[in-house]
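Here's the structure we're looking at; comments come further down.
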Amino acid sequence: MATEFSILERNILKAKGLTEETLAALGELGVQSRSDFEQIGTVVTLLELMPDLDPAVAARVLEWALPAAPAAAANLAAPDAPLPTIVVDSSDVVFCANCHHKQPKDYTPGDLCVNCGRQAEPIEQCFWCGASGPGKFCRNCGAHFVRTAELPLALLLRRDGLAKDEIPRRLNEASTEEKEQLWGRVRRARI
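Here the sequence shown stands for residues 795 to 985, numbered as in the numbering used here.
Spelled out as structure tokens, the structure:
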């Protein structure tokens, strides 16, 4: 079965290292155009279909046929190339909320950042139970902390009977006018 590659595509594939025999073998496999290489997808699959093909040639062919996948082809073509490094941090690692610098192992909540000197993990007060601590959630009751500036608004909404999980969501979604109305209620309650 002859391939349906154009003359230009055949010449490009020959320049990449394929021979007339490998082009005929590709045709027998059903690869008859450049778009058929998309179904093959990877150099490994092409080598599984054609085990006698040189891995470097297979990588060059797929790099031409699939321009979006040069990184995968490069890894197989140059096995000595360094792999990208992946850093996995433990679950107890703390990053500064201001400069995102990793804190030392002896860090305790409330310490200052060793890089920028600001408080690495701000201590927040819970609107629901009154406890305080670092992070985004209260370690006592599990409520999502609200911004310190909006704590009186959260306490007002708690007195109104809103659910613990609904208060932070409502404050985030509230418009400026709604917040001004709530602040007016807070000021009237203080008088």
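Cβ atoms here follow ideal geometry from the backbone N, Cα and C, with glycine treated the same way.
Inset, instruction - Going by DSSP, name the residue or residues bridged to PHE831. - result: In DSSP, PHE831 forms no bridge with anything.
Inset, instruction - Please classify GLU814: does DSSP put it in a helix, a strand, or coil? - result: helix
Legend entry - Distance CB(PRO946)-CB(GLY927) smaller than 8 Å: no
Inset, instruction - Using the DSSP secondary-structure output, state which residues sit across from GLU918 in a beta bridge. - result: GLY927
Inset, instruction - Grab the span of the alpha helix (DSSP H) containing PRO946 for me, first residue to last. - result: 945-953
Legend entry - Bridge partner(s) assigned by DSSP for PHE889: LYS896
Inset, instruction - Report buried or exposed for VAL980, applying the criterion of at least 16 other Cβ atoms within 10 angstroms of its Cβ. - result: exposed
Inset, instruction - Can you grab the Cα-Cα spacing for the pair LEU860 / VAL888, in whole Å? - result: 41 Å
Inset, instruction - Determine the direct distance from the alpha carbon of ALA850 to that of ALA818, and round the result to whole angstroms. - result: 19 Å
Legend entry - Contact belief for LEU856 with LEU847 at Cβ below 8 Å, rounded distance in angstroms: About 11 Å; that fails the 8 Å criterion.
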